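Engineer: Per this note's numbering, the very first residue in the sequence shown carries number 181; after that it's consecutive.
Note that the Cβ used here is the ideal one computed from N, Cα and C, for glycine as well.
Since this is a predicted model, take the numbers as computed values, not measurements.
The following block contains the structure, expressed as structure tokens.
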Amino acid sequence: MAYDTNNIFAKILRGEIPCKKAYEDEHALAFHDIAPQAPTHVLVIPKGPYVSADDFTARASDAEIAGFMRAVGTVARDLGLVAKGYRILANAGRDAHQEVPHFHVHIFAGKDLGRMIGPVGS
Ligand code: 5GP
């Protein structure tokens, strides 16, 4: 799948639409989700043009991957999420219902998040 330069997160990266920024460095931008599914729901995105987790892990440089993962941890620490805990999640492709075709990691926190996923068949 080719990268769509007009996807909503590409526009956020270019500053064409606003976001509530939580963190930024050379590799990553983090901002609060527009429709939060937990008291804290932040999205962390790489600055490069990668469609999904599959695309990112296949094509990004080691420096981009390391920098991005470091940023995810930094965001969680900066937001004070470590003591009570948090969940990171990345949807990739159809079955996972990925909506925005720019790779992103969700960070959820601020309540008991329950078990990771329902049982098979539910
Ligand atoms: P996905 O289903 O692709 O893993 O998650 C996409 C996420 O992006 C959703 O949680 C959705 O609420 C969020 N989102 C979609 N459009 C915008 C936007 O314009 N701004 C922000 N901050 N979040 C958005």
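Could you say which of E279, H282, I297 and L259 lies nearest to D290 if we only look at CA atoms?
Structural biologist: Just to set this straight, residue 290 is Gly in the shown sequence, not Asp. Comparing Cα positions, the closest option is L259.
Engineer: Quick one: residues in its chain with C-beta nearer than 7 Å to the C-beta of R239, no 5 flanking neighbours on either side, listed in chain order?
Structural biologist: These residues qualify, in order along the chain: Y230.
Engineer: Let me check you understand the geometry: is the CB of V255 closer than 7 Å to at least one non-hydrogen atom of the ligand 5GP?
Structural biologist: V255: no, Cβ never under 7 Å from the ligand 5GP.
Engineer: Shortest alpha-carbon distance to H284 belongs to which of L269, I297, G294 and M296?
Structural biologist: Of the candidates L269, I297, G294 and M296, the one whose C-alpha sits nearest the C-alpha of H284 is L269.
Engineer: In chain order, what residues of the same chain have a beta carbon less than 8 Å from the beta carbon of M181, not counting five sequence neighbours either side?
Structural biologist: Result list for M181: V231, S232, D235 and P281, in chain order.
Engineer: What are the residues that DSSP puts in a beta bridge with E204?
Structural biologist: According to DSSP, E204 bridges with L209.
Engineer: Distance check for G301 and E206, CA to CA, integer angstroms please.
Structural biologist: Spanning the two alpha carbons is a distance of roughly 42 Å.
Engineer: Considering I245, what are the terminal residues of the beta strand (DSSP E) in which it resides?
Structural biologist: From DSSP, I245 is part of no beta strand (DSSP E) but of the alpha helix (DSSP H) over D242 to D258.
Engineer: For R293, which of helix, strand or coil comes out of DSSP?
Structural biologist: The question names Arg, yet the displayed sequence has Leu at residue 293. Coil, per DSSP.
Engineer: Keeping to the same chain, check which residues put their C-beta closer than 8 Å to that of A251; ignore five residues upstream and five downstream.
Structural biologist: Y203, D205, H207, A208, A210 and V224, listed in sequence order.
Engineer: Can you check which of these residues, L293, R295 and I287, is closest to V222 by C-alpha distance?
Structural biologist: Cα-wise, what sits closest to V222 is I287.
Engineer: At which residues does the alpha helix (DSSP H) containing L261 begin and terminate?
Structural biologist: Per DSSP, L261 belongs to no alpha helix (DSSP H) and is neither H nor E.
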